[in-house]
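Residue numbers (this note's numbering): 1 to 307.
Structure first, commentary second.
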Amino acid sequence: MTDLNHVVLGGNGVAGTETIKALVRRGEQVTSVGRRPSAIEGVGSVTADLMNAADASRVLLGKDVAYFTVGLRYSSRVWAAQWPVILRNVIDAAVEHGTHLVYLDNVYAYGEVDAPMTEQTPLRPTSRKGRTRADAVHALNAAADERGLHLTIGRSADFYGPGAATAAFNGFVIDPAAKGKACSWLLDASLPHSLTYTPDVGEALAILGTDPVGRGRTWHLTTAPPLTGQEYVELAGGQGSRAKVMSLATLRLGALFNSAARETLELAYQFSKPYIFDSSLFESTFNVGPTPISQGIEAALIEARRS
1 MTDLNHVVLG
11 GNGVAGTETI
21 KALVRRGEQV
31 TSVGRRPSAI
41 EGVGSVTADL
51 MNAADASRVL
61 LGKDVAYFTV
71 GLRYSSRVWA
81 AQWPVILRNV
91 IDAAVEHGTH
101 LVYLDNVYAY
111 GEVDAPMTEQ
121 TPLRPTSRKG
131 RTRADAVHAL
141 NAAADERGLH
151 LTIGRSADFY
161 GPGAATAAFN
171 GFVIDPAAKG
181 KACSWLLDAS
191 LPHSLTYTPD
201 VGEALAILGT
211 DPVGRGRTWH
221 LTTAPPLTGQ
231 EYVELAGGQG
241 SRAKVMSLAT
251 LRLGALFNSA
261 ARETLELAYQ
271 FSKPYIFDSS
281 LFESTFNVGP
291 TPISQGIEAA
301 LIEARRS
């Protein structure tokens, strides 16, 4: 336990919820910020619209650490319009109040890569969402260099986990397997693909917000060694389960009629090559390991069967 006062921006999303739970387990004082009140017992709850600069300043007032786990509708157009505004408001508020900002990022800004992703992988986005994410990182780093923003970035691979309703893996694999249906995979189920377990995201962000060793740099959050798409499907659906592989042609056809397929199409490159996310630096620095994939999938299946 520390004497810090924490606030989680986007506290109702799965990453925010897991971060709050991890902080509560440590005995920390936590406030959840969202468009609706938090359902988690034992935490403060504030409603706010981070598109509004005054709201952002209000919720960071008196807070030592803010965790940026905000989620937006999965739309390139929405991201391009809203992400810069929200981020600018939060940066301004964090600088104003001297708040340490722990920013949750993903790998979209890396673009297509031909090697395992590490903290040294350059930002070379090849998608609209990736460019939005890269612009955000550049804005954060500029604020740290030029305005004194106290910044730490935690980056994860694709999400999966209990209650991760918007995660592609949950939608393609966990939810169908929970109903006894066939699971799907994009492009090539024989390639390794890293997945970050959402409770591990919360634990890792809580470490970055409470351990001074983590401050001021970018970290890859705790992530288990990758399995192939087929191996994930067998773990979720049982031995003998086979992945229904969606081809690029099918995805392109679906994109003509379905907005979710259209938004997925620009990131399909992530399933055309090995997608390997290296979190060894975080694990060795903080002496923490990832949840085993089999354990994470079982927890996600249990939660999906309850829904």
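All C-beta atoms in this analysis are idealised placements derived from N, C-alpha and C, irrespective of residue type, glycine included.
D145: member of the alpha helix (DSSP H) spanning 128-147, first to last residue. The beta carbons of T99 and D49 sit about 18 Å from each other, so the pair does not count as a contact at 8 Å. For L104, the enclosing beta strand (DSSP E) stretches over residues 100-105.
Separation of the CB atoms of L23 and A206 is rounded to 5 Å, and the pair is thereby assigned contact status at 8 Å. Contact annotation: the stretch 156-171 touches the stretch 193-200, with at least three C-beta pairs closer than 8 Å.
Shown here, T223 sits in coil according to DSSP, grouped into three states, outside any helix or strand. If you compare the alpha carbons of G148, Q295, A165 with that of D200, the shortest gap goes to Q295. Closest in alpha carbon position to Q239, among L221, C183, F257, is C183. For G171, there is no enclosing beta strand (DSSP E), as DSSP gives it neither H nor E.
The beta carbon of L87 is closer than 7 Å to those of A136, A139 in its chain, skipping five residues each way along the sequence.
The distance from the Cβ of Q230 to that of A189 is about 4 Å, consistent with a contact at the 8 Å cut-off. Assignment of S32 by DSSP, reduced to helix, strand and coil, places it in the strand class.
In the DSSP assignment, G42 forms no beta bridge with any residue. Put simply, the backbone Cα of N141 is about 22 Å away from that of H6.
For the 8 Å CB-CB criterion, D175 and A260 do not form a contact. The Cβ-Cβ distance between A80 and R26 does not fall below 8 Å. When DSSP states are grouped into helix, strand and coil, V78 belongs to the helix group. Beta-bridge analysis with DSSP links S241 to no other residue. Spanning the alpha carbons of F277 and Q29 requires a straight line of approximately 32 Å. Following the DSSP letters along the chain, one finds R155 inside the beta strand (DSSP E) bounded by residues 150-155. For A56, the CB contacts under 6 Å within the same chain, skipping 5 residues up- and downstream, are L50, N89, V90, A93 in chain order. A Cβ-Cβ distance of about 11 Å is found for the pair L4 and V102, leaving them out of contact under the 8 Å criterion. In this structure, V33 sits near V59, with a CB-CB distance shorter than 8 Å. Burial is judged here by how many other beta carbons sit within 10 angstroms of a residue's own beta carbon; T132 has at least 16 and is buried. Inclusion of A204 and G154 in the CB contact set at 8 Å is warranted, their separation being smaller than that value. Beta-bridge partners of F68 (DSSP): L9, Y103.
Within the model, the alpha-carbon separation for F282 versus R306 is close to 33 Å. Apart from the 5 residues on each side of it in sequence, R147 sits with its Cβ closer than 6 Å to the Cβ of V95 in its chain, given in chain order. In the structure shown, the three-state DSSP call for P192 is strand. If the five residues before and after L186 are omitted, its C-beta is found closer than 6 Å to the C-beta atoms of M246, F271, all from its own chain and listed in chain order. Across the structure, Q120 and R217 are spaced so that their CA atoms are roughly 11 Å apart.
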